[in-house]
Structures are given as structure tokens and as C-alpha cells.
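Chains as they are written, first to last, in the working numbering: chain A, 406 to 697; chain B, 560 to 923.
Positions of the beta carbon are idealized from the N, C-alpha and C atoms, including for glycine.
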């Protein structure tokens with residue numbers, strides 16, 4: 406009897422696996438067709454040659470050598486990296502008090518409203534929001550007009566790093582607040598009480614207990630901000646002025662100048678590799694445990 | 560207030576809207592005593608402990624620690640460390656860092672911190688786990704970490720909120736010994752909240768029994784066991800037979816009470832003077848009644864009852880019986896004492912006891 410039962414167990418487990426696979430199959434096919442296949446194509450493309458503004462399949466490492474040998478590339482690379490990292494830090498810092506307040510200070514009902522309000526920014530196109538920022542930030546825009554009233558300015562906010570950063574924050578703040586909020590909401594309240602009980606004051610408890618306890622969510626939120634802004638093309642172009650370029654702007658410039666799609670592919674692959682490395686590092690850091 | 564009192568609850572109440580969690584709470588907790596607050600869930604025992612820790616503010620009354628009013632003192636300025644039911648160890652810190660936490664918060668300098676942490680790790684026999692993640696420890700080891708974390712600052716009092724309830728029975732008994740020894744060696748006050756009679760009675764010097772936000776009785780375990788004050792306490796402890804009736808005769812030292820189960824002679828209780836016609840409730844502890852085939856001799860109270868069932872509790876058995884008017888009676892006897900008595904369900908036996916072993920409930 407036991408043998409028959411265990412066989413039955415295996416076959417039913419097998420059928421569950423088959424069942425599960427059937428349902429996950431569309432997703433798998435989608436990923437293969439529209440992510441993995443293009444990625445492989447992108448890798449192949451990066452070795453093609455361009456002759457007379459026409460691309461030819463080839464195995465030519467020249468694109469890599471040329472691209473990675475140019476200081477323009479590396480300047481854009483490190484600028485983009487620094488901008489995205491700054492955006493992750495600044496957005497996280499701006500989001501935290503907000504997420505903290507919603508998680509710990511609001512009533513259940515008010516918290517639901519706050520979450521609902523956080524979703525609203527996603528209703529409007531990001532491009533539209535960035536264009537409207539131009540009206541605020543330009544030299545004769547709303548903010549400088551207000552400054553002029555008290556005899557200050559005008560301040561050059563548009564076409565600067567400041568403008569880029571405003572765009573980045575616009576892009577990622579609601580998402581970062583939501584991600585932080587969901588991790589803060591699940592912090593065990595008795596840990597906070599225990600910290601107070603062990604003589605840790607209110608503000609100190611935030612840094613000693615709440616931040617470490619919510620670390621996974623906080624790091625993932627910052628990671629999402631990094632990913633979104635690292636590849637963003639809209640803010641650095643329309644609010645940052647596009648010069649000096651970020652990697653995404655460099656890609657469009659490269660494709661425009663003499664059909665250099667293979668060299669653009671090199672930049673794109675470098676970006677993907679960077680994102681993979683950063684995401685891996687961030688996730689390992691988020692889940693790293695203290696002690697053995 | 561006696562000189563020995565470390566904590567005083569003076570007319571303390573706690574309300575949440577119209578819900579009364581604790582009411583009319585007056586208690587002095589002595590320096591160096593092991594006090595257990597016991598009651599079923601929702602009786603207000605945890606709320607009382609949390610008010611002492613500063614995690615809840617009393618709605619009324621005053622709490623004093625070492626003579627000073629602490630009602631408005633935030634918990635991080637009190638010296639009232641607590642051990643939580645969930646232990647509330649910090650999962651993002653190692654064992655050592657957990658124990659070190661409150662020393663760091665007080666700004667104790669590093670070398671001194673490590674010295675004191677090491678001493679406590681050793682005392683609680685968890686030195687070998689010092690650099691482990693707390694999530695990777697067993698229940699008993701985590702318990703020791705929680706105790707070390709709370710005691711490392713050498714506070715005058717330790718609050719414990721059902722800390723053993725998550726452990727298995729065997730480990731529970733071991734930790735009880737650890738706790739009693741620790742309390743005796745340190746000589747500090749332990750306030751221990753529990754719903755478990757065995758935990759409270761085996762460790763505590765004094766027990767407070769609470770029901771619906773109020774104190775039902777305060778006393779040492781023997782007192783409470785032998786002389787419960789109210790019907791609630793007698794029922795809560797579960798080992799007594801309860802008879803309610805009316806005084807039919809008072810003759811010097813002898814009081815006769817008529818109950819639906821019969822008329823019985825009862826020993827007077829100075830805490831509850833009775834005269835003819837008064838309502839009275841008395842108890843007889845289950846281990847003090849005799850069972851027999853014969854009616855009792857003179858000087859004994861007796862009634863005839865039929866056996867309902869038998870329940871074995873290790874070396875003793877609890878015989879459940881039913882008297883007149885379906886009155887429930889329990890008798891706890893060793894197997895020897897039962898002899899060849901017929902205890903088949905439905906069998907008739909005589910239940911008897913001497914008037915001296917009865918106890919009139921003063922609170923009824």
C-alpha cells in the first residue's frame with residue numbers, strides 16, 4: 406500500500422507541475438521572444454560593421470574597441486552612473502519621511518487614501534509631467550517670476566543637473582514612496598517598543614531599528630529609482646538640456662550619426678551589464694544577514 | 560506605603576473608549592520579590608504590565624517607581640526592561656549586538672560595554688552563540704538572549720510578558736528553574752504576567768489574580784490555593800468544590816449552611832462574619848474529601864453522589880461526581896487511597912469531609 410500511495414503522490418505532484426507550467430508558459434514565451442531573443446540579437450549586432458551607412462552582418466570587435474576607447478563614452482558613463490546614484494539617494498531621502506508618516510502616523514483609513522493618492526501620478530504621462538516642469542523651471546517660468554517679485558534671480562534651473570534631478574525625482578518619487586511604505590508597514594511594532602524599552606529614543610529608533618528592519622524594502626526602492634533613472638532619456642534631455650549627454654542620449658546621438666547602430670548596441674549592452682551588476686549587488690546587500 | 564515598595568499602583572485605570580481594560584487597580588510591588596500577575600486572556604494583566612513599562616499611559620490614577628510618579632515618563636527614560644512574549648529580538652543584529660543594545664543607548668563606553676556583555680553571555684550560557692544571527696537560535700537560546708539583553712544594565716526590576724508560552728513543556732520547566740534562580744541570585748524584582756497557574760505558583764512569591772480588569776486576590780500561592788477569596792478565584796484554580804447556600808444556623812463556632820446539595824457544617828471565617836439567613840459560599844478542596852462506600856461517621860459532612868468519570872493525572876486520579884441537584888464534585892486521590900472502591904460510571908459513593916477543611920469565600 407505505501408508504495409502505491411507514494412506513486413500516486415508523485416503523479417499528482419507531476420500533474421501540479423504540468424498544470425503550473427501550462428499557466429506560466431505564456432510568460433515564458435513572451436520573455437524568450439521579446440527579451441532574450443532581442444538581447445541575443447543586440448549582442449550579435451554589436452559586432453556588425455557599417456559600410457556606406459549600411460549595416461552588414463560581421464564579427465568585428467572594432468565597435469567595442471572604438472566605443473570603450475573613447476573618453477566621451479566613459480565621461481557619459483560615469484556621469485549617468487553618478488546622476489542615477491544621486492537620484493536614488495535623494496529620492497530615497499525625500500520619500501522616507503513621507504513613507505514613515507503614512508506607515509506609522511496615519512490611521513488605517515487615512516493610510517488607504519494616501520496609497521490611493523500615490524497611485525494618481527501614474528495616470529499622467531511622464532513626458533507631460535516633464536514638459537509642465539519646463540514651465541516652472543525656465544528663466545521666465547513660474548518659480549523665477551516669484552523670485553523676481555522679491556528681487557532675486559533669475560536662477561538657471563532648466564538645462565542643468567538640477568533640472569535633470571527634478572525630472573528624475575518626478576519620475577521615481579511615487580514609486581519609491583510606495584515601495585518604502587510597504588516595507589515599513591510590515592516592520593514588527595514590538596521591535597519598536599522593545600527599542601524604546603531599552604532606552605532608545607524616538608529619533609534614534611528610526612535609524613537603529615526601523616531602517617535596519619525595513620532594509621530590504623528600502624534598498625529595493627532605491628534600486629528601482631536607480632534603474633528607472635539610469636536609462637531615462639526624457640529628463641536629461643528636456644530638463645537637463647542633453648549636453649553633456651547621458652548614456653541614453655549618447656545612444657540616440659550614435660544612431661543618428663552615420664547609422665552607427667552597432668556602436669549604439671555596445672552602449673546599450675554596457676548599460677544592461679551595469680544594471681545587472683547593480684541589481685545583483687543591491688539585492689545581495691539587502692538580504693545580507695548579520696552573523697553566522 | 561511600606562518602605563519596601565518598589566512599585567506602587569494607586570487607583571490605576573486604563574480605558575480604550577468605553578472599553579475598560581484595567582480598573583481600580585491598587586498594588587504594591589516589593590523590592591526583590593517575584594510577583595506573578597495571572598488571569599485569563601483579556602483580564603488586563605498585560606495592559607497592567609505595559610503601563611508599568613510605559614508602553615501605555617494610565618487613564619486614571621498614579622504609578623510610582625521608587626517613590627517617584629512615572630505616569631508621564633516616556634518608556635525610554637524608565638528603567639523597566641521587559642521580555643516580550645515574542646521576545647522581540649532584533650533580527651538584524653547578532654546575539655552580542657542584541658545584548659549590547661541598551662548599553663550602547665546609554666552611551667556606556669565600548670570596552671566597558673564588551674566586558675559587561677561578555678559577563679552576561681557567560682552567565683546565560685550563550686557565549687558560543689555570540690556572533691550568531693538570532694534567527695538561527697533555538698527557542699531556549701533565544702529566551703536566554705532576551706533575558707541577557709534586558710538584564711545587562713542591571714535594572715531594579717524586570718517585566719516578563721508570558722515569555723515561556725512559545726516553548727515546549729519540557730523546556731518550559733527548565734526555563735522556570737533558570738528564571739527562579741536568576742531572580743534569587745540577582746535579588747531584583749520580577750513581575751511576571753502569565754495565564755498559566757503552574758508557572759505562577761511554582762515561581763512567584765506572591766500572585767495577583769485578575770479578572771475583567773480588576774484584582775480578584777493577592778497573596779502567596781499557598782494562601783490563594785487554600786483560601787480563595789472569590790468564586791472566580793476558586794473556579795479559576797479549578798481544584799475546589801464550590802457550594803453556595805444560606806446560613807441556617809449559627810451556634811458558637813459552628814455554622815450550618817443549607818445548599819441544594821444538602822446541609823453542611825462549615826468552619827467560620829473571621830474575614831466574613833455570618834448570621835442566620837445570610838447568603839454564603841464555601842469551598843472544599845478536591846484533595847481533602849474522602850470517598851467511601853459507607854456513610855461518614857459523626858463530625859463529618861457527607862453526601863451521596865454518583866460517579867461521572869475518572870481522570871488520571873500522573874500519580875493521582877481526579878474522580879468527577881454528581882450530587883443532588885446536579886452539583887459537580889471533584890475528588891483528587893492517590894490510587895492507593897481509592898483502594899477497591901467501585902468507580903464505574905453511575906456507581907454511588909459517599910463523599911465526606913471534616914468542617915475544618917472548608918473555607919468560606921469572604922468575597923461572595
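Between the CA atoms of residue j and residue i - distance to the nearest angstrom
{"i": "residue 699 (chain A)", "j": "residue 563 (chain A)", "result": "Residue 699 (chain A) is absent from the model: chain A starts at 406 and stops at 697."}
{"i": "residue 622 (chain A)", "j": "residue 757 (chain B)", "result": "43 Å"}
{"i": "residue 621 (chain B)", "j": "residue 696 (chain A)", "result": "44 Å"}
{"i": "residue 410 (chain A)", "j": "residue 420 (chain A)", "result": "Only weak support exists for where residue 410 (chain A) lies, its pLDDT of 47 falling under 50; the coordinates are left without a value."}
{"i": "residue 676 (chain A)", "j": "residue 663 (chain A)", "result": "22 Å"}
{"i": "residue 714 (chain B)", "j": "residue 747 (chain B)", "result": "8 Å"}
{"i": "residue 534 (chain B)", "j": "residue 657 (chain B)", "result": "Summary: the structure shown does not reach residue 534 (chain B), with chain B confined to residues 560 through 923, and so no result is reported for it."}
{"i": "residue 406 (chain A)", "j": "residue 694 (chain B)", "result": "Per-residue confidence for residue 406 (chain A) stands at a pLDDT of 38, beneath the threshold of 50, marking its modelled position as unreliable; no derived number is given."}
{"i": "residue 789 (chain B)", "j": "residue 803 (chain B)", "result": "12 Å"}
{"i": "residue 575 (chain A)", "j": "residue 520 (chain A)", "result": "17 Å"}
{"i": "residue 476 (chain A)", "j": "residue 482 (chain A)", "result": "10 Å"}
{"i": "residue 569 (chain B)", "j": "residue 607 (chain A)", "result": "28 Å"}
{"i": "residue 882 (chain B)", "j": "residue 861 (chain B)", "result": "11 Å"}
{"i": "residue 685 (chain B)", "j": "residue 731 (chain B)", "result": "18 Å"}
{"i": "residue 625 (chain A)", "j": "residue 577 (chain A)", "result": "13 Å"}
{"i": "residue 610 (chain B)", "j": "residue 571 (chain B)", "result": "9 Å"}
{"i": "residue 587 (chain A)", "j": "residue 496 (chain A)", "result": "16 Å"}
{"i": "residue 705 (chain B)", "j": "residue 768 (chain B)", "result": "26 Å"}
{"i": "residue 560 (chain B)", "j": "residue 794 (chain B)", "result": "Reliability fails at residue 560 (chain B), whose pLDDT of 45 lies under 50, so the model's placement of it is uncertain and no value is given."}
{"i": "residue 579 (chain B)", "j": "residue 868 (chain B)", "result": "40 Å"}
{"i": "residue 589 (chain A)", "j": "residue 921 (chain B)", "result": "53 Å"}
{"i": "residue 464 (chain A)", "j": "residue 609 (chain A)", "result": "59 Å"}
{"i": "residue 462 (chain A)", "j": "residue 660 (chain A)", "result": "17 Å"}
{"i": "residue 511 (chain A)", "j": "residue 785 (chain B)", "result": "51 Å"}
{"i": "residue 628 (chain A)", "j": "residue 657 (chain A)", "result": "25 Å"}
{"i": "residue 673 (chain A)", "j": "residue 669 (chain B)", "result": "50 Å"}
{"i": "residue 535 (chain A)", "j": "residue 576 (chain B)", "result": "49 Å"}
{"i": "residue 751 (chain B)", "j": "residue 601 (chain A)", "result": "20 Å"}
Three-state class that DSSP yields for residue i in the structure shown
{"i": "residue 695 (chain B)", "result": "helix"}
{"i": "residue 679 (chain A)", "result": "helix"}
{"i": "residue 711 (chain B)", "result": "coil"}
{"i": "residue 584 (chain B)", "result": "strand"}
{"i": "residue 789 (chain B)", "result": "coil"}
{"i": "residue 643 (chain B)", "result": "coil"}
{"i": "residue 411 (chain A)", "result": "Model confidence at residue 411 (chain A) stands at a pLDDT of 46, short of 50, so the residue's coordinates are unreliable and nothing is read from them."}
{"i": "residue 643 (chain A)", "result": "helix"}
{"i": "residue 671 (chain B)", "result": "helix"}
{"i": "residue 776 (chain B)", "result": "strand"}
{"i": "residue 453 (chain A)", "result": "coil"}
{"i": "residue 757 (chain B)", "result": "helix"}
{"i": "residue 853 (chain B)", "result": "coil"}
{"i": "residue 467 (chain A)", "result": "helix"}
Under 8 Å between C-beta atoms of residue i and residue j
{"i": "residue 640 (chain B)", "j": "residue 717 (chain B)", "result": "yes"}
{"i": "residue 630 (chain A)", "j": "residue 592 (chain A)", "result": "no"}
{"i": "residue 880 (chain B)", "j": "residue 843 (chain B)", "result": "no"}
{"i": "residue 671 (chain A)", "j": "residue 469 (chain A)", "result": "yes"}
{"i": "residue 859 (chain B)", "j": "residue 913 (chain B)", "result": "yes"}
{"i": "residue 623 (chain B)", "j": "residue 566 (chain B)", "result": "yes"}
{"i": "residue 889 (chain B)", "j": "residue 845 (chain B)", "result": "yes"}
{"i": "residue 635 (chain B)", "j": "residue 503 (chain A)", "result": "no"}
{"i": "residue 662 (chain B)", "j": "residue 698 (chain B)", "result": "no"}
{"i": "residue 692 (chain B)", "j": "residue 653 (chain B)", "result": "yes"}
{"i": "residue 634 (chain A)", "j": "residue 498 (chain A)", "result": "no"}
{"i": "residue 877 (chain B)", "j": "residue 887 (chain B)", "result": "no"}
{"i": "residue 552 (chain A)", "j": "residue 541 (chain A)", "result": "no"}
Exposure of residue i, with buried meaning 16 or more beta-carbon neighbours within 10 Å
{"i": "residue 740 (chain B)", "result": "exposed"}
{"i": "residue 396 (chain A)", "result": "The structure shown does not extend to residue 396 (chain A), since chain A is modelled only from 406 through 697, so no value can be given for it."}
{"i": "residue 438 (chain A)", "result": "exposed"}
{"i": "residue 654 (chain A)", "result": "buried"}
{"i": "residue 738 (chain B)", "result": "buried"}
{"i": "residue 633 (chain B)", "result": "exposed"}
{"i": "residue 513 (chain A)", "result": "exposed"}
is_contact[residue i, chain E] using C-beta, thresh 8 Å
{"i": "residue 912 (chain B)", "result": "Of the protein chains in this structure, namely A and B, none is chain E."}
Worksheet item: Are three or more beta carbon pairs between the stretch 568–579 of chain A and the stretch 627–647 of chain A nearer than 8 Å?
Response: Here the stretch 568–579 of chain A lies against the stretch 627–647 of chain A, with 3 or more beta-carbon pairs under 8 Å apart.
Worksheet item: Is it true that the stretch 836–845 of chain B meets the stretch 799–808 of chain B, where meeting means three or more beta-carbon pairs spaced less than 8 Å apart?
Response: Because the criterion of three Cβ pairs below 8 Å is met, the stretch 836–845 of chain B and the stretch 799–808 of chain B touch.
Practice prompt. Evaluate the contact criterion for the stretch 680–687 of chain A versus the stretch 449–463 of chain A: three or more CB pairs, one atom per stretch, below 8 Å.
Written response: Flag = no, the stretch 680–687 of chain A and the stretch 449–463 of chain A do not touch.
Worksheet item: Would you call the stretch 675–682 of chain B and the stretch 704–713 of chain B touching, i.e. three or more CB-CB distances under 8 Å?
Response: For the pair of segments examined, the stretch 675–682 of chain B was found to touch the stretch 704–713 of chain B: the number of CB pairs separated by less than 8 Å reaches three.
Practice prompt. For the stretch 905–919 of chain B and the stretch 817–833 of chain B, state whether three or more C-beta atom pairs, one from each stretch, are separated by less than 8 Å.
Written response: The stretch 905–919 of chain B is in contact with the stretch 817–833 of chain B.
Worksheet entry | Meets three-Cβ-pair contact criterion under 8 Å: the stretch 600–607 of chain B and the stretch 770–782 of chain B | When Cβ pairs closer than 8 Å are counted between the two stretches, the stretch 600–607 of chain B is seen to touch the stretch 770–782 of chain B, the count reaching three or more.
Practice prompt. Answer yes if the stretch 627–645 of chain B comes into contact with the stretch 588–598 of chain B, meaning at least three C-beta pairs across the two stretches below 8 Å, and no otherwise.
Written response: Verdict: no, contact absent.
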